[in-house]
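Each position in the sequence shown, counted from 1, maps to that position plus 6 in our numbering.
Positions of the beta carbon are idealized from the N, C-alpha and C atoms, including for glycine.
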Amino acid sequence: MKYLFSGILLTALLFGNSTASAQDRGEDLFNQTCVACHTIGGGRLIGPDLANVHTRRDEAWIIRFVKTPQALANSGDADAVALLAEYNGLVMPDQALSDDDVRAVIGFIARTSPAAGVAEAAAVEEVSAADLAEERILLGRNLFVGITRLENGGAACNSCHSVDIDLVMTGGSLAINLTDAVPRLTRMGVNAMMAAPPFPVMRDAFKGKSVTEDERGAIVDFLQASAEPGLTVEPVDYGQQLLAYGIGGLIFLLGIFFILGLRGSNRSVNQSIYDRQISST
Numbered sequence: 007m008k009y010l011f012s013g014i015l016l017t018a019l020l021f022g023n024s025t026a027s028a029q030d031r032g033e034d035l036f037n038q039t040c041v042a043c044h045t046i047g048g049g050r051l052i053g054p055d056l057a058n059v060h061t062r063r064d065e066a067w068i069i070r071f072v073k074t075p076q077a078l079a080n081s082g083d084a085d086a087v088a089l090l091a092e093y094n095g096l097v098m099p100d101q102a103l104s105d106d107d108v109r110a111v112i113g114f115i116a117r118t119s120p121a122a123g124v125a126e127a128a129a130v131e132e133v134s135a136a137d138l139a140e141e142r143i144l145l146g147r148n149l150f151v152g153i154t155r156l157e158n159g160g161a162a163c164n165s166c167h168s169v170d171i172d173l174v175m176t177g178g179s180l181a182i183n184l185t186d187a188v189p190r191l192t193r194m195g196v197n198a199m200m201a202a203p204p205f206p207v208m209r210d211a212f213k214g215k216s217v218t219e220d221e222r223g224a225i226v227d228f229l230q231a232s233a234e235p236g237l238t239v240e241p242v243d244y245g246q247q248l249l250a251y252g253i254g255g256l257i258f259l260l261g262i263f264f265i266l267g268l269r270g271s272n273r274s275v276n277q278s279i280y281d282r283q284i285s286s287t
């Protein structure tokens, strides 16, 4: 009897630890991959509120959509196509998650969803061009292009992104153009995506190098300014800078050539022949 009780207790402990582990994994995965774009009962963000999504969608559909949303929409799936249209063609990136990973996330959503269903949309912070401080926009611009380094050592935004304004030089083309990021995704959404990147490449690039809250706010201000033509910021004249660097480099090279020329002119050809004859005797 004693051994039977011990066995039951051990099984209960193992099963309980396994359940707790699965629950923790679901929460961790949600915070790593979903929280930048979705809430659970907090209203619509970049993507839909996921409260009680398990009651609105079939589990198999959720798994397929999370892993390959674009492919599902391209297949003609009515629900996926409708979501794409509702969110102005913004496609959720494919997630490198296993079926069990997605089930763990669904379980976390089910456990934390409000009983009454999806909550009303959270109020979106509205900030007009007139409310943006010029010094904050300038800081955001400098952080975006790398003139001011990010505190935790992350890469400058224009390593991968660009904006269509004269305030910055052309950026990278590895990721989307961010000129209209704030109008499309809201200030809150852009901030959230920097805080918890939903894209695998961006997530890996900023692993251990998170963008601080103050830096995110300044970059969001700059991106909003880039989408509002009525807001002006003193530009940096990169053309004059490049010209100055070019002239300086040319003068430096000419100086080196001049010095080398002087050294060579001090030695005659006959002197060189004489030196070689002396060294051979």
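Taking each of Leu-256, Met-208, Ala-86 in turn and checking the Cα distance to Leu-96, the smallest one comes out for Ala-86.
Taking all protein chains in view, the Cβ of Phe-114 is crowded by 16 or more other Cβ atoms within 10 Å, so the residue is classified as buried. In the DSSP assignment, Glu-140 falls within the unbroken alpha helix (DSSP H) covering 140-151. Closest in C-alpha terms to Gln-230, from the list Leu-138, Ala-211, Ala-181, Ser-216, comes Leu-138. Pro-204 sits buried, since 16 or more C-beta atoms from the chains shown fall within 10 Å of its C-beta. When C-alpha distances from Arg-190 are compared across Cys-166, Glu-234, Ile-265, the shortest belongs to Glu-234. Ranked by Cα distance from Ala-102, the first of Leu-256, Pro-206, Phe-228 is Pro-206. Assignment of beta strand (DSSP E) within the stretch 198-229, counting only whole runs of 3 or more residues, yields no such run. Cβ neighbours of Pro-99 within its own chain (closer than 6 Å, five residues either side excluded): Phe-205. Counting only the Cα atoms, Ala-211 lies some 11 Å from Ala-162.
With respect to Asp-227, Gly-146 sits close: the two C-beta atoms are nearer than 7 Å.
Judged by beta-carbon spacing, Ala-121 lies beyond the 7 Å limit of Gly-32, meaning their Cβ atoms are not closer than that value. With contacts defined as CB atoms closer than 7 Å, Val-169 and Thr-192 fail to qualify as a contacting pair. Ile-112: member of the alpha helix (DSSP H) spanning 105-118, first to last residue. Annotated as distal: Cys-43 and Leu-35, with beta-carbon spacing of 7 Å or more. The residue among Gly-261, Met-208, Phe-71 with its C-alpha nearest the C-alpha of Asp-83 is Phe-71. At the C-beta level, Thr-45 and Asp-30 stay beyond 7 Å of one another.
In terms of CA proximity to Ile-182, Asn-164 leads the group Gly-195, Asn-164, Asn-197, Ser-232. Judged by beta-carbon spacing, Cys-166 lies within the 7 Å limit of Leu-180, meaning their Cβ atoms are closer than that value.
Between the alpha carbons of Ile-112 and Ile-68 lies a gap of roughly 9 Å.
By the C-beta density criterion, Phe-150 is buried, having at least 16 other C-beta atoms within 10 angstroms.
Boundaries of the alpha helix (DSSP H) around Arg-70: 65-73. Here Ala-198 has Ala-42 as same chain residues with Cβ atoms under 6 Å from its own Cβ, once five neighbours each way along the sequence are excluded. Annotation for His-60: the continuous alpha helix (DSSP H) segment containing it runs 59-62. DSSP places Ala-86 in the uninterrupted alpha helix (DSSP H) bounded by 84-92. Excluding five sequence positions before and after Leu-78, the CB atoms of its chain that fall closer than 6 Å to its own CB belong to Arg-70, Phe-71, Ala-86, given in chain order.
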